[in-house]
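Have a look at the structure below, then the notes.
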């Protein structure tokens, strides 16, 4: 959102459409309730500009306050005209702490983001001298204005002339003992970036300064802990070694900083007039997306946008190096603004803001109903418009922030005057010429799920919004006068107060079972699949499922009870108030001799009437969407859509639900007829013998043919391994088996990691997620077990007949994947992109005898890499000592916890690198890599600790010092004590003594299996086979060949 909006007196109150007298609801909404509503403030103006939530559900709010303000039982006092605040609440809404940031003049915080550890990062602007630290630690003179008139004048002044982003000299003044950071602005105003830990203690502060003014508007984080800030500046701005020179009255900037606050790059955009950045987002690959406004024309790197006579909306994408990749502009002849942006896992961006008159988004032109309307538009990864929607009434509506949940539902917040419509829901403000706040949820296609308002008889606004999971939404803002949301009241303490509200949606949970487990083809029994829902059971609900198994619909069985049902999928509907819905399966007796057959149903996520799978250049037409809505809506599509109706938000027909039964629910149709199979039982028949499925004429089933004969060889009636109909998954018959995997053939063009993952059925569904779902690859990777790492160039002397022994369940289906030029560990830690994962698209099984099978793996028709893995089924196979953890994440260790005697080992070391590397082993306390220093069995030094490397070296196993000459091979003896886990470490071109001496300038790099312990945050070790380790010695992952030094461990 823009600064001039942030300075206004604002008030927010969301009211349930069902309970509020002034809200007209034409269709029942999902059950959405207020979990808590918390307000902060005092007798003057207080604003809640930013909100975020951590993994534990704690909520963080930032903004500004004047004079004094109360946060729960904590009171803060401003030292100037206004100060910034940061407060943390637990998941119930109880204030845990509140901190003041500010000094002698006007200071505000505009945005906040929280990392996985609960550290909060805040950005904003300040004037004159400020102190960043806890209130009791600051000694800045108290020069706050005491009169109401002066406070109002300051607020009005800033509303007209908001602080602008300046050039930024990054300065840091630290006093760790006092946790104080004191700065003085070099221009009219400066920007800042502050890090607070989970207890509210300031860790560091960075100052952005220049000759005129600088301000940080929005902030976001990536999975590696990098920080991205966008904002505005005048004249010039410096970020570390990066200096930006302005072009006009106001320009925008984007900067990326590492987790310590050091700038990695800085980029600017703008032209000769006013240009402003209002929001920022980052995707999984480190690409950055920004939105805001520009006037006339503006340059984004080598790209130029030309607008109209007034201000237009822009959206731009930068790559991981800060280079602009594309920039798009939208708008019309009046003032239009982009206020909020977010990005999904595929790089689609969602932008919200407001427009006046008409505004064009791609091929869609929207027309406002009043003074201004809000909009929401979705762009693909190349910046093409997929759709654009509007919402508003007869007055002024603004949308400030957007967020998406795990299912890509869209959440918006902002303000409206008079009334506003969201699909079938109309919200009405109780006061004339005042504002209320709104919060709305749309589905992934931009169709309305529900909408609420938060309001009073005065001015209320929603500024920021964030979601957790699929059912919790948090939004912040400010309200003037007493306000309410649903039946929860917010009591105003003075002028405007800040607030945060948590909304929880009651989403039905669906489970599935079947009775009985099997029926006879010629019997009278039927299968009954029962769908059960809990929580919200009031409204009708349609549930989707997939159909699988070898039984063929309409040939082997029929069904009743489903709305739709075919060979692959179906739907069933719960009526309002019903907790269960059933499908009945009736077997057909066809008198054909055949084996027993299975049927399985698998719950899957809700499907949309118009799936978002258009081509990159295809725009969703409003009339097409209308035609795919219910019958009464479809009739409207038969008439020509009026211009003012183009892009109008329609009511969603898709209901959300959670899946409790994630795996396939299977039943069997048994055949009582005498069966004949085409393959034969290897090595024998039922009435005459036979060799390897060969059979003699007249021997019945011995060879698998009718009346004997048969086809020699092949896999018989109960093959040990079978490929699914899709050729993408395989399953094992028989008992639980230890499977020995041997890498038999590889033509890998890069270093690949081969893994397998269990799926629910032969179609490959995982926890109800079908293979064509956008999230399938990510879920598969999270559940995968590493089998091999395939080296492109094995070091000289390394034995390539690598093997792994893994226990697999019988009757379960599995699928293979490959991580190209990376590892699962790196993927899960964010250093490897999801795009590097390839799923098996074609499998072949060849029986080579003695329960050995060759599994051919093809991952891409356009890729000429060929990999063959040999599987040997052997229930007597024993996993080698030390391998228990090696198929887990960061499991490149030797696990001897179940061993009771000292172990003698032989290390075979090979090297293919210039560096004289050193490999050693050290004892860790647990699977996470922590080190026990006081022998109580509990980790004392964790992998993230600064002293982890030194502690590891001091805890290393004596006598295991593994080195070898380049292209050489050496065998070294060593011993391990029983009962512990031992992890390897790699010292690059150095020795432990160099790290332990007092000269820190000669310290070599050291890397561990635990990514958090590595200074570069990437993977440097992988398992090539059971007890065979491969290492990469270059920082940042280098060429990721993992052949720089290898260690094979043999016990006994």
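In the working numbering, the protein residues as written are 138 to 1189. Yeah, the Cβ is synthetic: ideal placement off N, Cα and C, and Gly gets one too.
If distances are taken between C-alpha atoms only, which option among the options comes closest to residue i?
i: residue 1114; options: 1061, 977, 211; result: 1061
i: residue 219; options: 370, 261, 420, 473; result: 261
i: residue 235; options: 267, 251, 199; result: 199
i: residue 1112; options: 1105, 1098, 319, 939; result: 1098
i: residue 1116; options: 955, 1032, 954; result: 1032
i: residue 1093; options: 426, 1055, 1105; result: 1055
i: residue 907; options: 1045, 740, 1044; result: 740
i: residue 720; options: 736, 714, 732; result: 736
i: residue 478; options: 454, 463, 470; result: 454
i: residue 459; options: 401, 444, 496; result: 401
i: residue 695; options: 664, 590, 371; result: 664
i: residue 649; options: 1136, 804, 405, 1109; result: 804
i: residue 549; options: 556, 530, 574, 543; result: 574
Along the chain, where does the alpha helix (DSSP H) that runs through residue i open and close?
i: residue 915; result: 913-919
i: residue 1091; result: 1085-1091
i: residue 465; result: First-last for residue 465: 461-467, but that is the beta strand (DSSP E), not the alpha helix (DSSP H).
i: residue 1131; result: 1129-1133
Within the same chain, show all residues whose beta-carbon is closer than 7 Å to that of residue i, passing over the 5 residues directly before and after it, in chain order.
i: residue 297; result: Only weak support exists for where residue 297 lies, its pLDDT of 35 falling under 50; the coordinates are left without a value.
i: residue 1180; result: 928, 930, 931, 932, 1049, 1167
i: residue 1120; result: 1030, 1058, 1059, 1061, 1066, 1145, 1146
i: residue 594; result: 567, 568, 571, 618
i: residue 705; result: 683, 684
i: residue 1105; result: 1048
i: residue 688; result: 694, 734, 735, 736, 806
Going by DSSP, what residue range makes up the beta strand (DSSP E) through residue i?
i: residue 662; result: Unbroken run through residue 662: none, as it is neither H nor E.
i: residue 237; result: 232-240
i: residue 966; result: Careful: residue 966 lies outside any beta strand (DSSP E), inside the alpha helix (DSSP H) at 961-966.
i: residue 941; result: 940-945
i: residue 221; result: 220-226
i: residue 554; result: 547-554
i: residue 431; result: 425-437
i: residue 892; result: 889-896
i: residue 803; result: 802-807
i: residue 1025; result: No beta strand (DSSP E) contains residue 1025, which DSSP labels as neither H nor E.
Run the CB neighbour count on residue i, radius 10 Å, all protein chains shown included, and call it buried at 16 or more, exposed below.
i: residue 1081; result: exposed
i: residue 767; result: Caution is warranted here: a pLDDT of 39 is assigned to residue 767, below 50, making its placement in the model unreliable, and no coordinate value can be reported.
i: residue 1138; result: exposed
i: residue 1035; result: exposed
i: residue 707; result: buried
i: residue 900; result: buried
i: residue 760; result: With a pLDDT of 37 at residue 760, under the threshold of 50, the predicted position of this residue should be treated as unreliable, and no value is reported.
i: residue 1130; result: exposed
i: residue 1148; result: buried
i: residue 632; result: buried
i: residue 140; result: Residue placement at residue 140 is poorly supported in this model, since its pLDDT is 38, which falls under 50; the coordinates are not used for a value here.
i: residue 1015; result: exposed
i: residue 697; result: exposed
Whose C-beta lies closer than 6 Å to the C-beta of residue i among residues of the same chain, with five residues either side of it excluded?
i: residue 209; result: 232
i: residue 793; result: 644
i: residue 226; result: 196, 232
i: residue 795; result: 644, 646
i: residue 959; result: 969, 973
i: residue 750; result: Its pLDDT being 37, under 50, residue 750 is placed unreliably by the model, and the measurement read from it follows with that caveat. Result list for residue 750: empty, nothing under 6 Å.
i: residue 91; result: Within the shown structure, residues of the chain are numbered from 138 to 1189, placing residue 91 beyond reach of any answer.
i: residue 904; result: 799
i: residue 630; result: 178, 179
i: residue 966; result: 1148
i: residue 1171; result: none
Leaving aside the five residues before and after residue i along the sequence, list all residues of the same chain whose C-beta is less than 8 Å from its C-beta, in chain order.
i: residue 173; result: 229, 230, 625, 638, 639
Under the assumption that residue i contacts residue j (Cβ atoms under 8 Å), give the Cβ distance between them as a whole number of angstroms.
i: residue 1198; j: residue 418; result: Missing from the structure shown is residue 1198; the chain here goes from 138 to 1189 and no further.
i: residue 935; j: residue 1047; result: 5 Å
i: residue 452; j: residue 190; result: Residue 452 to residue 190, Cβ: 26 Å. No contact.
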